[in-house]
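Numbering (the UniProt record's numbering), first residue to last: 89 to 432. A short write-up of the structure that comes next.
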Amino acid sequence: DIPSLAETYADYFPIGAAIEPFQTTGLKAELLKKHVNWLVAENAMKPASLQPTERNFTWENADRIVEFAKESGMEVRFHTLVWHSQVGAWFFKDAEGKPMVDETEPGKREANKKLLLERLDTHVRTIVDRYKDDIKSWDVVNEVIEPGDLDGMRASDWYKITGTDYIETAFRAAREAGGPDAKLYINDYGTDNPAKRDRLYELVKEMLDKGVPIDGVGHQTHIGIHGPSVDSIIESMRKFSELGLDNLVTELDMSIYAWNDRSDFGADIPDNVLKKQADRYRELFEAFKANKDILSGVVFWGIADDHTWLSSFPMKRTEAPLLFDKQLHAKPAFWAVVDSSKLV
Ligand code: G3I
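And the structure:
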């Protein structure tokens with residue numbers, strides 16, 4: 089019998105995992121119940137999942153995850169109220185069905201912006217209102233920074249139509265609907281990268297100065313066995329904590345390839361690769377533990393290697409980024425993470 093990850097880390101921070109609704113029964117459900125205290129919907133709570141067409145909210149899949157969590161004594165954190173991906177195209181069309189971004193007439197552009205922000209406000213309030221008793225931790229906006237794009241902001245329809253007003257609207261609506269206990273996060277990947285980190289810092293500071301209710305930064309932490317450095321990940325958390333913000337690791341996994349490497353290990357992953365992964369997970373969790381004052385939770389993006397977004401993106405190949413293998417057995421990385429918990 090193996091130790092429970094959640095119990096092993098009980099003195100430090102909660103451990104979570106992203107799941108799909110179909111994983112709430114069977115062996116996967118048992119594995120989750122044993123090892124994690126938080127659940128996140130990998131897809132079921134994204135904008136297109138919850139409001140595929142205007143005012144037509146579909147709750148079934150999201151409810152299933154919330155029910156499973158309640159039955160099992162776990163908590164749910166929400167991902168994500170706003171995103172540029174997996175969002176219904178209807179949000180960005182005017183009353184005549186024309187894409188808002190194509191509008192050139194200033195009066196109509198202003199009316200479109202108002203309409204889009206109203207739709208967003210309704211989306212956020214409806215969802216937060218429904219789940220506010222069950223969910224306390226929310227990804228309010230996801231992946232809004234893109235250093236190569238417009239002003240360092242992602243050039244999404246949200247940004248092109250409203251500037252940063254959509255971010256402000258989403259946080260204010262979430263606070264009003266969720267109340268003071270709701271913890272509201274801005275979530276992004278690559279937050280260790282100085283260009284991205286600094287643009288995010290600038291945006292968050294500007295928002296806080298305006299009284300926008302942001303409580304913390306979600307660091308996705310989709311990393312690889314070759315990088316980025318653990319120091320750069322922690323340094324970013326320190327920087328945001330100096331603004332008085334909380335930090336969460338929201339989507340942790342560790343690819344066994346370098347980002348620009350196109351090779352494929354096939355069915356047999358070399359032992360030295362699994363060992364390298366374990367060593368890096370050990371180093372990472374030691375740093376997380378040492379920084380528990382500025383880090384309040386660690387969520388994996390999945391639980392076992394049989395189900396990971398990396399197997400289809402960027403290419404279909406053998407991936408093994410998590411702590412359990414395809415047969416749901418503990419990997420060297422699992423034991424490394426357990427070991428880190430014991431070191432003082
Ligand atoms: O549900 C449909 C199914 O009906 C259809 O037959 C099938 C055919 O492609 O697609 C299914 O939808 C897929 C969905 O996952 C559910 O499995 C989408 O194609 C696929 O694009 C989608 O991928 C998700 C991805 O976000 C979308 O960008 C991944 O599962 C999910 O892990 C990933 O999660 C993101 C976070 O939200 C944000 N941060 C990065 C992270 C990894 O990309």
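Ideal Cβ placement from N, Cα and C applies to all residues, glycine included. In this text, all values refer to a predicted model and were calculated from it rather than measured experimentally.
Excluding the 5 residues preceding and the 5 following residue i in the sequence, name in chain order all residues of the same chain whose CB lies nearer than 6 angstroms to its CB.
i, result
"A265", "R213, V216, D217"
"E142", "W178"
"N149", "P109, A132"
"N275", "D227, N230, G306, T338"
"D413", "D393, K419"
"residue 451", "Any property of residue 451 remains undetermined from this structure, which presents the chain solely from 89 to 432."
"D222", "V154"
"H314", "A346"
"F156", "T112"
"Y369", "A421, A424, V425"
"E163", "W126"
Please report the residue range of the alpha helix (DSSP H) in which residue i lies.
i, result
"L416", "Counting along the chain, L416 falls outside any alpha helix (DSSP H), and DSSP gives it neither H nor E."
"I249", "245-250"
"M162", "Here M162 belongs to no alpha helix (DSSP H), and DSSP marks it neither H nor E."
"K293", "282-297"
"G266", "253-266"
"I322", "318-329"
Tell me, please, which residues DSSP counts as bridged to residue i.
i, result
"W423", "According to DSSP, which records beta bridges pairwise, W423 is partnered with nothing at all."
"M342", "I311"
"I233", "M241"
"G306", "N275, L336"
"A392", "F412"
"K181", "P187"
"V154", "Paired residue(s): none; V154 is not in a bridge."
"V170", "V229"
Where does residue i land, buried or exposed, given buried means 16+ other C-beta within 10 angstroms?
i, result
"G390", "buried"
"residue 433", "Lying outside 89 to 432, the shown extent of the chain, residue 433 is not represented and no answer is given."
"G161", "exposed"
"D393", "buried"
"W171", "buried"
"I321", "buried"
"A366", "buried"
"Q174", "exposed"
"P140", "exposed"
"Q308", "buried"
"M403", "exposed"
"E234", "buried"
"A111", "Just to set this straight, residue 111 is Gln in the shown sequence, not Ala. It counts as buried."
"W126", "buried"
"I90", "exposed"
"P282", "exposed"
"L238", "exposed"
"D349", "exposed"
"G104", "buried"
"E159", "exposed"
"A129", "buried"
"D334", "buried"
"T192", "exposed"
"S317", "exposed"
Along the beta strand (DSSP E) that carries residue i, what are the first and last residues, could you check?
i, result
"I107", "103-107"
"L372", "From DSSP, L372 is part of no beta strand (DSSP E) but of the alpha helix (DSSP H) over 359-378."
"residue 78", "Nothing in the structure corresponds to residue 78, since the chain is present only between 89 and 432."
"F388", "386-388"
Given residue i, which residues of its chain have a CB within under 7 angstroms of its CB, disregarding the five upstream and five downstream residues?
i, result
"K363", "P420"
"L296", "I302, L331"
"D352", "R405, T406"
"L272", "W226, V228, F259, A262, R263, P301, I302, D303"
"G354", "T406"
"E184", "none"
"L340", "T309, V386, V387, F388, W389"
"R287", "I233, P235, G240"
Looking at the C-beta of residue i, does it have a partner C-beta in chain B at a distance below 8 angstroms?
i, result
"W178", "This model lacks chain B altogether, as it is built from one protein chain only."
Can you list, in chain order, the residues of its chain with a C-beta nearer than 8 angstroms to that of residue i? Leave out the 5 residues immediately preceding and following it.
i, result
"G267", "K220"
"K380", "Y100, F101"
"K196", "D182"
"D269", "K224"
"D253", "K201, L205"
"Y289", "K327, F328, L331"
"W147", "L138, R218"
Cβ of residue i versus every heavy atom of the ligand GDP: is any distance shorter than 7 angstroms?
i, result
"W126", "In the structure on display, the ligand GDP does not appear, and the ligands it does have are the ligand G3I."
Every unbroken beta strand (DSSP E) inside the stretch 95-143 [3 residues or more]: 103-107, 126-129
Start-end ranges of the alpha helix (DSSP H) lying completely within the stretch 183-234, minimum 4 residues: 194-219
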